[in-house]
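S.K.: Pasting a structure below so you can have a look.
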Amino acid sequence: MEDTLERLGLESMGLLEGASAVKDELCMEIDPPFRENVATAEDWRRALDKVVPAVVVLHTTACRAFDTNSAGASYATGFVVDKRRGIILSNRHVVKTGPVVAEAMFVNREEISVHPVYRDPVHDFGFFRYDPGAIQFLNYDEIPLAPEAACVGLEIRVVGNDSGEKVSILAGTLARLDRDAPHYKKDGYNDFNTFYMQAASGTKGGSSGSPVIDILGRAVGLNAGSKSSSAPAFFLPLEQVVRALKFVQKGSDSYANKWEAVSIPRGTLQVTFLHKGFDETRRLSLRSETEQMVRHASPHGETGMLVVDSVVPGGPAHKRLEPGDVLVRANGEVITQFLKLETLLDDSVNHNIELLTERGGTLLTVNLVVCRYADSVDTANATYDMHIVAQVQDLHSITPYYFLEVSGAVIHPLSYQQARNFHFHCGLVYVTEPGYMFSRAGVPRHAIIKKFAGEEISCLEELISVLFKLSRGARVPLEYISYTDRHRRKSVLVTVDRHDWYAPPQIHTRDDTTGLWTAKPAFQPDYLLLPSDINDIGDLGVQTFSTSGEANCTGHLHQSNNQELTDSVASLEINCDDTSDEARPRDDSVGTKIRRVEEDLSADGSVVCDCSFNEAKEMKMEDPNTVQNTILHDFHGATATADNSPSAERVIEPTLVMVELKFGSNSSQDHQFVGGIPIYTISQVLDKIISGANGSPLLINGVRRPMPLVRILEVELYPTLLSKARNFGLGDNWVEALVKKDPIRRQVLRVKGCLAGSKAENLLEQGDMVLAINKEPVTCFHDIENACRALDKYDNNDGKLNLTIFRQGHEIEILVGTDVRDGNGTTRVINWCGCIVQDPHPAVRALGFLPEEGHGVYVVRWCHGSPVHRYGLHALQWIVEVNGKPTPDLDALVNVTKELEHGEFVRVRTVYLNGKPRVLTLKQDLHYWPTWELRFDPDTAMWHRKTIKALDCSNV
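Numbers 363 to 1318, taken from my numbering, label the letters of the sequence shown in order.
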């Protein structure tokens, strides 16, 4: 089960049940009567000895956001139900509806790969498949399923990975068999049209998919969810599971034989029913003669009937059934239970069934055929005895099995689950994850695209057709609606931005034979309308063999932190694998979007603050020849400060732009200030570009211009008032000299730190006061910059400055070297297993630390649903070894990872910012996360992507 409020199974998603929870507790029906409990501790020990070896811990990684699932890593429970074929039963929210990579670990710590073979479209169960021959050191048996054994008063045990404890055994007694399906989230997965069992077993996160066993070691239920505020847990009955397992077993006689995907008949009317007691049906105007007939025809102890709760627009029952209709008969048979109705629907796919319902008012009989709409029937305040003929729809036909991935966005047809949640038609174009291109335009998650580039969009194929016609850089309008504001369309402008760091638009399709999702181009790359300066797209075409790893990158932000809870009662019981020290909640103290800028002090001593902003959770890179030069960045820090920022806040590539900050405060009024850099700093560089410089050429507006080389003293300085400097022991003669130099500021520059790897490192110390350069007093940063530029005027100098400093009461003269930089910033990044690595940029080096083992592979970002997310290789650290081979630079990393195969476990040694080494292992996934690199080409001023290693799906 997943961790959070009413635990059921979505990754760390809190969910609600609401006020109806009180009503749920009113049922005191006991059926059958209690039997004397004669089970002994020895009986339970023997049962558990058989069960525990067959229970596995499941580590799952959702590689892409899809339908109701977000990309991410979690753990849960499953158990073996067919040893010969290698079939594991767990929850639907564990198996996932989208791309998933999973491993199962048995009680003796043997770990194997598992692949999804089925997930039910509605109910919370699904199956994984594994190779039984891979288990070499454990004797175990499958756990038999016995749904008929469940009864009120039955003593049970829940065996699973509760709270991540690998094996937990929780006791309980079945108290109810007719609980309503728990409601977890208004925009996520919810089970319906079934009863749940309830017991006060107190299960928590990680126990989703645990078997609920009796004294004989049989599974009588499947643990699914619980209440976070109290002990009750909810178990799915197994009747539908047993039926589905029989179909799945037809896929192959054993694991050794080729697995064939099987179709399990599932029918639907796109109607949600609730079981309501006869007291409530009377209030819905159920006739007394109908109640008498139903009680007589139903099994002893029946207490209610099925009532329509909602109807999905456009479904078979739309405009035929309405909320409040009471179901009396189906195909002439009285039906008051979910299982009986579902069995009828599953056996009648693509066939007509006849429903007899009652609706309040005068009596009227209406025959409706599926191809006609009863618009002429008066429904005002009248009771109908309605015979409805409707065709049962194939439930799998309205469950998406493919999606479009474009510029990091995941778009697919609206599923039955979400159509039911949002009250929309199934099959509309649904944005699960907006990615870079759409989020940049302001399109949110859960949006329904209605119009794009002036054309109405009703299905995914129409969206692909419109995208095919658009050239890169085109700005086109897009109209969408959301379930929170469904009656008004919103319009935005989308810039068609197919940067080379994204693969071409691809269609990913589920393959139940292999358990993988295969990718193919949404349209042929040869026909992409790219700019004329891009002639070679061969590297892009390689991506058609596997999914491209385009899921959104993020720092340490849990996606679940922004999920809106529907109530505080129910939650899925899957635990997220993110460790608490890596998790970073949203910092609400920063009121507006803040972009990282380089800390600097202008000539007048004003501060340009150094802070960071988690930009739309997207990997975004722009050409460094533009004014704004933003690179992939990670947000790990807390609230940014005006200066002297903590180290974790300063690891982002600087941008030379004006910044506007708005900081929240405890008062009702916000405080804000605007900072900038002096224009002379920009004009000096611009003059060099125009007049000609001595650096490498760069294409600017179609003209190749040499870029200037800038000499800098790689030391961080900050001003201190002379009054404070005097307290540190600075002599009066220097105070007078500095006042004479600058009578307005009356300040001295102090050393905050040296950039690691610079020529000034180990020469200057923190707290040193810089008094003069070449015997000339200095009081501001402009003086330092002028001294550095003066070195470039002479060819015979060694690039060193003669600094006079004041250190611990002594005046010292020292020669300090300067460094020459080209200003291009980061020009190469590599994506390996979902982490973005690069050579450490100046903001990282400003922290004053680089590992001795090698510092050329710095992790700046990681992606949700990637192997590094699953195994905890997060940002703000260096990769110094892979499988014992040093990786001092990016080339070394590429050479080492080229030798690694798909599915191979890798030993990685890292060094964190605090200097602490760490060794971890991760499993390489070249199918969903191929290795690729981005290089900036100064000849074209473009970033180009090259695939280093990927998995050819034809060999799977």
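A virtual CB, placed ideally from N, CA and C, is assigned to each residue, including glycine.
Note that the coordinates shown come from a computational prediction; the quantities given were computed from them, not determined experimentally.
1) Whole-angstrom Cβ separation of H421 and Y437, contact assumed at under 8 Å?
2) Quick test of your reading: G1227 and A433, contact by CB under 8 Å. State the CB separation rounded to the nearest angstrom.
3) In whole angstroms, what is the alpha-carbon distance linking D486 and V674?
4) With distances taken Cα to Cα, identify the nearest neighbour of V1065 among D549, N1056, S833, I1052.
5) If you compare alpha carbons, which of R1271, P1229, G579 is closest to V1244?
6) Quick test of your reading: V443 and I449, contact by CB under 8 Å. State the CB separation rounded to the nearest angstrom.
7) Between the Cα of D708 and the Cα atoms of V484, V574, S1120, which residue gives the shortest distance?
8) Is I810 near L825, with beta carbons less than 9 Å apart?
9) Leaving out the 5 sequence neighbours to the left and right, which residues in its chain are closer than 7 Å to T871 when beta-carbon positions are compared?
10) Closest by CA to P1070, which one among L1133, G1185, I1039?
11) Between the C-alpha atoms of Y778 and Q632, what's the straight-line distance to the nearest angstrom?
12) What does a CB cutoff of less than 8 Å around T1283 pick up in its chain, not counting 5 residues either side in sequence?
13) By how many angstroms is the C-alpha of F830 removed from the C-alpha of M799?
14) Whose C-alpha, out of R834, L1125, R645, is nearest the C-alpha of G666?
15) Starting from V669, follow the beta strand (DSSP E) in both directions and report where the run begins and ends.
16) If you reduce the DSSP assignment to three classes, tell me which class P594 lands in.
17) Thinking C-alpha only, which one of I1135, R1207, I1146, E1127 is nearest R1169?
18) For a minimum of 4 consecutive residues, which ranges assigned as the alpha helix (DSSP H) are wholly contained in the segment 1157 to 1241?
19) Check whether the Cβ atoms of A424 and V479 lie closer than 9 Å to each other.
20) Is Y492 helix, strand or coil when you go by DSSP?
21) In the DSSP assignment, find the alpha helix (DSSP H) that holds N1063 and state where it starts and stops.
22) What first and last residue would you give for the beta strand (DSSP E) that runs through Y792?
23) Use the C-beta contact count for G534: other C-beta atoms within 10 angstroms, 16 or more gives buried, fewer gives exposed.
24) For the candidate residues D576, H545, P494, whose alpha-carbon lies nearest to that of V514?
25) Quick check: P509 and V603, are their CB atoms within less than 9 Å of each other?
26) Is the Cβ of I819 closer than 9 Å to any Cβ of chain B?
27) Restricting to Cα atoms, I'd like to know which of Y1274, V1222, N1193 is closest to T1259.
28) Do you know offhand how far V418's Cα is from N714's?
29) I think T1275 touches F1211, with their Cβ atoms under 8 Å apart; what is that distance to the nearest whole Å?
30) Look at the alpha carbon of V1273 and the alpha carbon of L840, and state the distance between them as a whole number of angstroms.
31) Just verifying my parser: in three-state terms, what is the DSSP assignment at Y864?
32) Is the segment 545 to 561 in contact with the segment 490 to 505, if contact means three or more CB pairs nearer than 8 Å?
33) State buried or exposed for K1278, treating a residue as buried only when at least 16 other CB atoms are found within 10 Å of its CB.
34) What separation, rounded to the nearest whole angstrom, lies between the Cα atoms of K1311 and I1167?
35) Can you tell me where the beta strand (DSSP E) with R645 in it begins and where it stops?
36) If you compare alpha carbons, which of V838, T857, S853, S827 is closest to I869?
M.R.: The short version:
1) In this structure H421 is in contact with Y437, their Cβ atoms being roughly 5 Å apart against a cut-off of 8 Å.
2) With a contact defined as Cβ atoms closer than 8 Å, G1227 and A433 qualify at about 3 Å.
3) Each residue's Cα considered, the two are about 20 Å apart.
4) Minimum Cα distance to V1065 is reached at I1052.
5) It is R1271 whose Cα lies nearest to the Cα of V1244.
6) Contact holds; Cβ gap of about 6 Å.
7) Looking at the Cα atoms, V484 is the closest of the given residues.
8) Cβ atoms of I810 and L825: not closer than 9 Å.
9) If we look at T871 and ignore the five residues flanking it on each side, its Cβ neighbours are Y763, Y764, W879, T880.
10) When only C-alpha atoms are compared, the closest one is G1185.
11) Whole-angstrom Cα-Cα distance: 8 Å.
12) Cβ neighbours of T1283 beyond the five flanking positions: Y1233, F1267, V1268, R1269, V1270.
13) Cα to Cα, M799 sits roughly 15 Å from F830.
14) Selected option, being the one with the closest Cα: R645.
15) Looking at the DSSP string, the run of the beta strand (DSSP E) that includes V669 is 666 to 673.
16) Note: P594 maps to coil in three-state DSSP.
17) Out of I1135, R1207, I1146, E1127, E1127 has the C-alpha closest to the C-alpha of R1169.
18) Taken in chain order, the complete alpha helix (DSSP H) segments of 4 or more residues contained in the segment 1157 to 1241 are 1204 to 1207, 1229 to 1233.
19) No, the pair does not count as a contact, with Cβ atoms beyond the cut-off.
20) DSSP, reduced to helix, strand and coil, places Y492 outside both helices and strands of the structure shown, so it counts as coil.
21) According to the DSSP assignment, N1063 belongs to no alpha helix (DSSP H), since it is labelled neither H nor E.
22) Unbroken beta strand (DSSP E) run through Y792: 791 to 795.
23) Buried: at least 16 other Cβ atoms inside 10 Å.
24) Out of D576, H545, P494, D576 has the C-alpha closest to the C-alpha of V514.
25) Closer than 9 Å, so yes.
26) Protein chains in the displayed structure number just one, and chain B is not present.
27) By alpha-carbon distance to T1259, the top candidate from Y1274, V1222, N1193 is N1193.
28) Counting only the Cα atoms, N714 lies some 42 Å from V418.
29) Note on residue identity: the sequence assigns Leu, not Thr, to residue 1275. With 8 Å as the limit, L1275 and F1211 qualify as a contact, their Cβ atoms being about 7 Å apart.
30) Roughly 46 Å separates the two Cα atoms.
31) Under the three-state reduction of DSSP, Y864 is assigned to coil, being neither helix nor strand.
32) Fewer than three beta-carbon pairs drawn from the segment 545 to 561 and the segment 490 to 505 are found closer than 8 Å, and the two stretches are therefore not classed as touching.
33) Answer is exposed; the Cβ neighbour count stays below 16.
34) Going from the Cα of K1311 to the Cα of I1167 covers about 53 Å.
35) Where R645 is concerned, there is no enclosing beta strand (DSSP E), although the alpha helix (DSSP H) it sits in stretches over 640 to 645.
36) Across the set V838, T857, S853, S827, the C-alpha of S827 shows the shortest separation from the C-alpha of I869.
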